[in-house]
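Sequential numbering from 1 applies to the sequence shown in our numbering.
Glycine included, each C-beta is placed from N, C-alpha and C at the ideal position.
Note that this is a predicted model, so its numbers are computed, not measured.
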Amino acid sequence: NIGGGLNLSGLTSAEGLTLPNSIGGSLSLYSLTSAEGLTLPNSIGGDLSLYSLTSAEGLTLPNSIGGSLDLTSLTSAEGLTLPSSVGGDLDLYRLTSAEGLTLPNNIGGYLYLKSLTYTENESLRQARPDLRII
């Protein structure tokens, strides 16, 4: 277990990576492009940055993330199972379709969905008026 944060932002592959069961702060895996071989901690108290991840294939996220979840580079929700709770922002900026997307019960910050069509954004707003969608 790590009480603080862990910055592995330069890592491009999860091969051979063993992460602790719990991280009290944030975890940055900014440059990781594939979830192959990645086993994330069961608990992350801060932010989780998977900015460069382009596919959710093989990705298992913790049930709860205390801070923000950055999945900016994902273009499809195929295979994506989001945590039930994200304490901060949820960034799905490049997601081009909401098909197959099941949002967390709780998002404490903003939901970034800039690449969806106007119609899909409006449908989400109507279905989940509790969300702050940008």
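Counted within 10 angstroms of its Cβ, other Cβ atoms place residue i as buried (16 or more) or exposed
i: residue 134; result: exposed
i: residue 123; result: exposed
i: residue 129; result: exposed
i: residue 14; result: buried
i: residue 103; result: buried
i: residue 17; result: exposed
C-alpha distance - residue i paired with residue j, whole-angstrom precision
i: residue 66; j: residue 131; result: 17 Å
i: residue 97; j: residue 70; result: 17 Å
i: residue 46; j: residue 118; result: 31 Å
i: residue 77; j: residue 95; result: 7 Å
i: residue 72; j: residue 50; result: 8 Å
i: residue 48; j: residue 64; result: 11 Å
i: residue 127; j: residue 120; result: 11 Å
i: residue 6; j: residue 12; result: 15 Å
i: residue 1; j: residue 84; result: 22 Å
i: residue 106; j: residue 125; result: 14 Å
Distance CB(residue i)-CB(residue j) smaller than 8 Å
i: residue 8; j: residue 28; result: yes
i: residue 113; j: residue 92; result: yes
i: residue 90; j: residue 74; result: no
i: residue 100; j: residue 87; result: no
i: residue 62; j: residue 40; result: yes
i: residue 3; j: residue 37; result: no
i: residue 43; j: residue 26; result: no
Three CB pairs or more closer than 8 Å across the segment 28–42 and the segment 52–65: yes
Alpha helix (DSSP H) runs contained entirely in the segment 55–132, provided each spans 4 or more residues: 118–127
Ranges of the alpha helix (DSSP H) found wholly within the segment 14–60, counting only runs of at least 4: none
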